[in-house]
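So the structure is just underneath, and the comments pick up after that.
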Amino acid sequence: IILKLGTKEFNRTRIGIGRPPNPNIPVDEYVLMDFSDKEVAGLPSLVYSSWLNRLLPL
């Protein structure tokens, strides 16, 4: 992204992972799992609200 934009000055969105809901799932496997359908469906609004909050701070 930096190479494409030619700058390091751009907004970033950090997405956390948390812990596996099932303690029997190793953390490394959980981190590398595909997003669930519910998580995928929520990404656009999450990214938009993050962008909007950065653009229009309260």
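Counting in the numbering used here, the sequence shown runs from 857 upward without gaps. All C-beta atoms in this analysis are idealised placements derived from N, C-alpha and C, irrespective of residue type, glycine included. Remember, it's a predicted structure, so these values are computed and weren't measured experimentally.
Item checked: Presumed contact (8 Å Cβ cut-off) between Val896 and Ile873, rounded CB distance -> Val896 to Ile873, Cβ: 15 Å. No contact.
Enumerate in chain order the residues of its own chain whose CB-to-CB distance from Phe866 is below 6 Å, with the five nearest sequence positions on each side excluded.
none
Quiz item: Whose CA, out of Glu885, Thr869, Leu859, lies closest to the CA of Tyr911?
Solution: Going by the sequence as given, residue 911 is Leu instead of Tyr. Of the candidates Glu885, Thr869, Leu859, the one whose C-alpha sits nearest the C-alpha of Leu911 is Thr869.
- Do Lys864 and Ile857 have their C-beta atoms closer together than 7 Å? no
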